[in-house]
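In order, the protein sequence lines correspond to chains X and S.
Numbering-wise (the working numbering), the first sequence opens with residue 1 and increments by one.
Numbering-wise (the working numbering), the second sequence opens with residue 1001 and increments by one.
Every residue, glycine too, gets a C-beta built ideally from N, C-alpha and C.
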Amino acid sequence: MVPRGTATPGHARKGIGASLLQFIARRTLILLPTLLAISFVVFMMVRLAPGDPVMILIRQSEQTVGTEEIEKLRQDLGLNDPLPVQFGRFVNRALHGDLGKSLFTSQDVFETIVERIPPTILLTCSAMTVSILIAIPVGVLSATRQYSKLDYAALSGALIGVSMPSFWLGFMLILLFALRLGILPAAGMAYLDEGFGTFLKHLVMPSVTLGVGLAAVITRLVRSSMLEVIRQDYVRTARSKGLSERTVIYKHALKNALIPVVTVIGMQFGSLLGGAVIVETIFAWPGMGRQAVASIMRRDFPMIQGNVLLMCTLFVMVNLLIDILYTVIDPRIRVEKMK
Amino acid sequence: MRCRRWLLAIVALALIFGSLAGCAGQEQPKATPPAKPADPKVGGKIVAGNPYGPTTFDPAYCTEQGGIDVINLVMDALYARDDKNAIIPDLALSHENPDPTTWVFKLRKGVMWHDDNEVFPKGKSREVTSADVKYTFERLLDPANKSPRVSLISTVTKVEAPDPYTIKVTTKEPDAFLLENLPSVYIVCKEAIDKLGKEKFAKAPIGCGPFKFVEFKPDSHVKLVRNDAYYQKPYLDELTVKIIPDQNVSLVALESNDVQVTEILPSPEIPRMMKNDKFKVYPSPTWAYRYASFNCKKEPFTDPKLRKALCMALDIDLGIKAIFPEGVAIRAYGPVPKNVVGYDETLKDLWQFDKTKAKEALAALGWKPGSDGILQKGGKKLQFTIKAPSQDPNRMKFAVILSQQWKDIGVKADVQSLEWGTLIDDMNKGNTDVYIVGGFSGASGMGFLFHTKNQGVPGNASFYSNKQVDALIDKGSVTVDTAAREKIWKEAQRLLVSEYPHIPLYHEAWFTAASNKVNDFFAPFTFNTSKNNTWLTKN
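What follows is the structure, encoded as structure tokens:
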């Protein structure tokens, strides 16, 4: 532990910076074999699972094609090639930044997915903001006023939030705010060029729907983490030194209590980046989740693989950012890395 | 005690919240008297809710309804369809058949490609000619393009453009379906595809239709504006197709005026919306065929007499009544629905519901009840699985109804819900006993569903085979004369239906709803044809 009152000397700061860079470089290098392994698993799973994309395409389009035409279509799409050849082709192209073309639309996979990243990030960030704005104050108050009415209300609210299906909450919000009150739009995403007010109005309900469930999880975690920290000796010491309760809680206790919370927030953030399918479907939000599920239903192999690859990359990068964030929150981790 | 009070308070809050929201659907909007017919008004914007997210607007590659709905607004085909599903002139004004394998089309003059874009600057567009039609056909047929839509015109061997307004198409054999397929062959511009490239064209199409493409945000919306140069200039200034996958949410959007049209109404809401004077409800001009099918190459379903006996135990009318509001689905007696050449009402004679006769027929075939009540023969129980797609609740419900009705006569039929891709796979491989699906409605679909050559593909997954039926289907496919073709289809239908490979369940329409301010609209998503031009009533 870094002794109090000791500033980190210049040479030590340089050492910390270098080891942090090494840490980031190491994690980035591990990314490649991780993605390769995941790609292989997904590749095999979708091809071994029942369902033929050509048959689904024909059924969907209701085209009356014969067996010869079907075979030709399979040939043209490369589906008759041996599995190692197909996988090798995919990896080779991926290394050159080409994720292939959709079996159904012939559109570039990378472009199709990337178009949907900004709406996904927007929804994820707003949902996380909603959940953090609710969870941290409520969790802290609940812990500092343990067994009070506020604590029980927070716990009950968290239980309801965790148990409540997001699709139900989404529909209730739509019925109330869109139909009954008419103050928010029922569905869809607005872009900034349509006006900031319109943009926000479209964002409110999906963010709240997604954020409430997350807030419930994080509230409970903040509460239990705070309860553990406020019983520590250094907190008692801080109080005995005459510091205000506010300073004790928010400057000393909360920072330490946030470490496990940051882990969970990071994991939630990472998984939300994969798309929140139910919320996206209800609110017609043009995110990655809906598009990913549609590609799975259609067995659009290149699109499935592309989705998984990009989602994994985002997830790993978010976790890397969380790890870096730890060093900001906890200087001990910073020093450990220097060692 | 304190805890209980808090808990009660929370529960009460939740109930209040829920009832506030729940009340939203119960109160009927005030009915307004229907508007008097009025002169069309120019101007206005419509936002139309569409559940299908388009991914491409290139008609050579688009197989999904969402993309086709938009293509239909931006591009023209030689022919279009009206609200009765009849073929009406679009780019072509007329056609002739000098011989069974030759079609000559006369094109409309003065149709211009969209301008004010990357390909044609404002005011510098050019007329659509037969060369464009020729290019479109050849592009579809070119194997290098690998178009999944090639089957629309696969019999075409040559396309000629003897003059700018005449197109001559030669087929390898008489094609009874060519004219029916032409409304799906949208004419494209060579310059647009060459200059923009296939991928960019697919995202920002340039056509000659009533509306010009402005903007596409994937899974969000497509914005279109009026094409002022169109031969039937649209009244609407702007049309936005808003993608809302959930039908219930789309309905809320309609009722809260976020959208003025919603393409598909959830079936339980249809009666309520029909009574609401603020909206108009339009049935689709086509009916989709839904059926249960036996796997005719698997025992015991190889015997048509057994299949007939099993069918006699089913009260399908009861199933339709239990699942659908009135008018949403009608009983099917054969694969060809109303409004399609070949529809035959007399097939009703082949379907009788009589449990007693069903039991007798099964007994005559040697199926006797065992100790557990299940019919058996030679030590084998009459037991099988009904597979149904999980994403269609109506078909799932029907599977349960069939299972129950068969149980009443001692047949054990378990229901298995399968994801769509998995079900298609099972059907293709013959890994089924009885399954419930739909599609391929119409006479052109009959060949795909029943011809021996299509066994093992997702069409003839019943593995039905009858050489006489094959011959009739082959003959009908090359009979261009409608009356003669209809006679052949009816004969083929009667023959195959009497062997009971399918259990036709219902023909299902879908219903589109629009604000009563929307006029001259054709369901499901047609705003401008030679027979209609949608306009908005102004307040």
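Which complete alpha helix (DSSP H) runs does the stretch 1236–1279 of chain S hold, if anything under 4 residues is left out? For the stretch 1236–1279 of chain S, the continuous alpha helix (DSSP H) assignments of 4+ residues that do not extend past its boundaries occur at 1247–1255, 1270–1275, in sequence order.
Please name the residue in S:L1365, S:Y1506, S:I1167, S:G1044 whose C-alpha comes closest to that of L1326 (chain S). Walking along the second sequence from the start, residue 1326 (chain S) turns up at place 326. In the sequence as displayed, the identity of residue 1326 (chain S) is Glu instead of Leu. Closest option to E1326 (chain S), Cα to Cα, is S:Y1506.
Are the stretch 1272–1284 of chain S and the stretch 1506–1522 of chain S in contact at 8 Å, needing three or more beta carbon pairs? The stretch 1272–1284 of chain S, when compared against the stretch 1506–1522 of chain S, does touch it at the 8 Å Cβ threshold.
Listed by chain order, chain X residues near A1253 (chain S) by CB distance under 7 Å: In the second sequence, the residue the question calls residue 1253 (chain S) occupies position 253. Residues of chain X passing the Cβ test: A186, A187.
What are the partner residues of E1345 (chain S), as DSSP defines its beta bridges? In the second sequence, residue 1345 (chain S) corresponds to position 345, counting from 1. Residue pairing from DSSP leaves E1345 (chain S) without any beta-bridge partner.
If you draw a straight line from the alpha carbon of Y152 (chain X) to that of S142 (chain X), how long is it in whole angstroms? Position 152 of the first sequence holds residue 152 (chain X). Position 142 of the first sequence holds residue 142 (chain X). Cα to Cα, the separation comes out at about 8 Å.
Just checking: is the beta-carbon of E69 (chain X) within a distance shorter than 8 Å of some beta-carbon in chain S? Walking along the first sequence from the start, residue 69 (chain X) turns up at place 69. Chain S contact via Cβ: present.
Cβ closer than 7 Å: which chain S residues qualify as neighbours of Q107 (chain X)? If you number the first sequence from 1, residue 107 (chain X) lands on position 107. Chain S residues near Q107 (chain X): T1055, T1056, E1199, A1202.
Give a yes or no on whether 8 Å exceeds the smallest Cβ distance from K1134 (chain S) to chain X. The residue labelled residue 1134 (chain S) in the question sits at position 134 within the second sequence. K1134 (chain S) does not count as touching chain X.
Do R1485 (chain S) and L1347 (chain S) have their C-beta atoms closer together than 8 Å? Residue 1485 (chain S) sits at position 485 when you count from the first residue of the second sequence. Residue 1347 (chain S) sits at position 347 when you count from the first residue of the second sequence. No, the pair does not count as a contact, with Cβ atoms beyond the cut-off.
With a threshold of 8 Å between beta carbons, is R59 (chain X) in contact with chain S? In the first sequence, the residue the question calls residue 59 (chain X) occupies position 59. For R59 (chain X), the answer is yes, since a Cβ of chain S falls inside 8 Å of its Cβ.
So, does the CB of V1249 (chain S) fall closer than 8 Å to a CB anywhere in chain X? Looking up residue 1249 (chain S) in the second sequence gives position 249. Closer than 8 Å: yes.
Reduced DSSP category for P1033 (chain S) - H, G, I as helix; E, B as strand; rest coil: On the second sequence, position 33 is the one that residue 1033 (chain S) refers to. With a pLDDT of 39 at P1033 (chain S), under the threshold of 50, the modelled position of that residue is not reliable, and the figure given next carries that caveat. Note: P1033 (chain S) maps to coil in three-state DSSP.
So what does DSSP say about Y1231 (chain S), is it helix, strand or coil? For the purposes of this step, residue 1231 (chain S) is identified with residue 231 of the second sequence, where counting begins at 1. Looking at Y1231 (chain S) - three-state DSSP - the assignment turns out to be coil, as it is neither helix nor strand.
Taking the alpha carbon of C1311 (chain S) as the point to measure from, which residue in S:S1441, S:S1293, S:K1045, S:S1444 has its own alpha carbon closest? Residue mapping note: residue 1311 (chain S) aligns to position 311 of the second sequence, counting from 1. Considering only alpha carbons, the answer is S:S1293.
Could you check which residue in S:S1462, S:N1431, S:Y1435, S:P1054 has the C-alpha nearest to that of M1446 (chain S)? Stepping through the second sequence from its first residue, residue 1446 (chain S) is reached at position 446. Checked all of S:S1462, S:N1431, S:Y1435, S:P1054; the closest Cα to M1446 (chain S) is S:S1462.
Around the C-beta of T1055 (chain S), are 16 or more other C-beta atoms found within 10 angstroms, so that it is buried, or is it exposed? As a working note, residue 1055 (chain S) is residue 55 in the second sequence. Label assigned to T1055 (chain S): buried.
Given this structure, state the Cα-to-Cα distance separating L133 (chain X) from T124 (chain X), to the nearest angstrom. Position 133 of the first sequence, counted from the start, is the residue given in the question as residue 133 (chain X). Position 124 of the first sequence, counted from the start, is the residue given in the question as residue 124 (chain X). In a straight line, the C-alpha of L133 (chain X) is about 14 Å away from that of T124 (chain X).
From which residue to which residue does the beta strand (DSSP E) around D1163 (chain S) run? As a working mapping, residue 1163 (chain S) is identified with position 163 in the second sequence. First-last of the beta strand (DSSP E) with D1163 (chain S): 1156–1163.
Would you say K1298 (chain S) and G1110 (chain S) are within 8 Å of each other, going by their C-beta atoms? On the second sequence, residue 1298 (chain S) is found 298 positions in, with the first residue counted as 1. On the second sequence, residue 1110 (chain S) is found 110 positions in, with the first residue counted as 1. Not closer than 8 Å, so no.
If A1202 (chain S) sits next to Y1061 (chain S), beta carbons under 8 Å apart, how far is it from one beta carbon to the other, in whole angstroms? Taking the second sequence and counting its residues from 1, one reaches residue 1202 (chain S) at position 202. Taking the second sequence and counting its residues from 1, one reaches residue 1061 (chain S) at position 61. The distance from the Cβ of A1202 (chain S) to that of Y1061 (chain S) is about 7 Å, consistent with a contact at the 8 Å cut-off.
Beta-carbon of M55 (chain X) versus every beta-carbon of chain S: anything under 8 Å? Counting from one through the first sequence, the residue named residue 55 (chain X) turns up at place 55. Yes, its Cβ sits closer than 8 Å to a Cβ of chain S.
For the stretch 1151–1178 of chain S, which residues have a CB atom closer than 7 Å to at least one CB atom of chain B, in sequence order? Although the question refers to chain B, the structure presented lacks it and instead comprises the protein chains X and S.
To the nearest angstrom, how far is it from the Cα of K1030 (chain S) to the Cα of K1278 (chain S)? Taking the first residue of the second sequence as 1, we reach residue 1030 (chain S) at position 30. Taking the first residue of the second sequence as 1, we reach residue 1278 (chain S) at position 278. Bear in mind that the predicted position of K1030 (chain S) carries a pLDDT of just 34, short of 50, making it unreliable; the figure below should be weighed with that in mind. Pairing K1030 (chain S) with K1278 (chain S), the inter-Cα distance amounts to about 8 Å.
Beta carbons nearer than 9 Å to chain S: which residues of the stretch 217–234 of chain X have them? Within the stretch 217–234 of chain X, no residue has a Cβ lying closer than 9 Å to any Cβ of chain S.
Please decide whether A292 (chain X) counts as near chain S, where near means a Cβ-Cβ distance under 8 Å. In the first sequence, the residue the question calls residue 292 (chain X) occupies position 292. Taking Cβ atoms only, chain S never reaches closer than 8 Å to A292 (chain X), which makes this a no.
Using a Cβ-Cβ distance cut-off of 8 Å, determine whether G182 (chain X) contacts chain S. In the first sequence, counting from the first residue as 1, residue 182 (chain X) sits at position 182. Closer than 8 Å: yes.
Got a sec? Which residues, its chain only, sit under 8 Å from T1479 (chain S) by beta carbon, not counting five neighbours each side? One-based indexing of the second sequence puts residue 1479 (chain S) at position 479. The residues are P1174, A1176, R1485, I1488.
Which residues in chain S have a C-beta closer than 8 Å to the C-beta of P50 (chain X)? List them in chain order. What you label residue 50 (chain X) is simply residue 50 of the first sequence in a count that begins at 1. By Cβ distance, chain S contributes G1421, T1422, D1425, D1426.
Please confirm if the stretch 1280–1294 of chain S is in contact with the stretch 201–213 of chain X, defined as three or more CB-CB distances below 8 Å between the two stretches. Segments in contact, no.
At least one CB of chain X closer than 8 Å to the CB of D1237 (chain S): is that the case? Here residue 1237 (chain S) refers to the residue found at position 237 when the second sequence is read from its first residue. It does not; no Cβ of chain X falls within 8 Å.
From the DSSP output, in three-state form, read off F1301 (chain S) for me. The sequence position of residue 1301 (chain S) within the second sequence is 301, counting from 1. Looking at F1301 (chain S) - three-state DSSP - the assignment turns out to be coil, as it is neither helix nor strand.
Using a Cβ cut-off of 8 Å (strictly closer), state whether V1218 (chain S) contacts chain X. Counting from 1 along the second sequence, the entry for residue 1218 (chain S) is found at position 218. With the sequence shown as reference, residue 1218 (chain S) is identified as Pro, and Val is not the correct amino acid for it. It does: the Cβ of P1218 (chain S) has a partner Cβ on chain X nearer than 8 Å.
Given this structure, state the Cα-to-Cα distance separating E111 (chain X) from P53 (chain X), to the nearest angstrom. One-based indexing of the first sequence puts residue 111 (chain X) at position 111. One-based indexing of the first sequence puts residue 53 (chain X) at position 53. About 21 Å.
For K101 (chain X), which residues from the same chain have a beta carbon less than 7 Å from its beta carbon, with the 5 sequence-adjacent residues on both sides left out? As a first step, residue 101 (chain X) is located in the first sequence; it is residue number 101 there, counting from the start. If the five residues before and after K101 (chain X) are omitted, its C-beta is found closer than 7 Å to the C-beta atoms of Q107, D108, V109, P302, all from its own chain and listed in chain order.
Would you tell me roughly how many angstroms separate the C-alpha atoms of Q60 (chain X) and L1423 (chain S), rounded to the nearest one? The residue labelled residue 60 (chain X) in the question sits at position 60 within the first sequence. The residue labelled residue 1423 (chain S) in the question sits at position 423 within the second sequence. The alpha-carbon separation between Q60 (chain X) and L1423 (chain S) amounts to approximately 13 Å.
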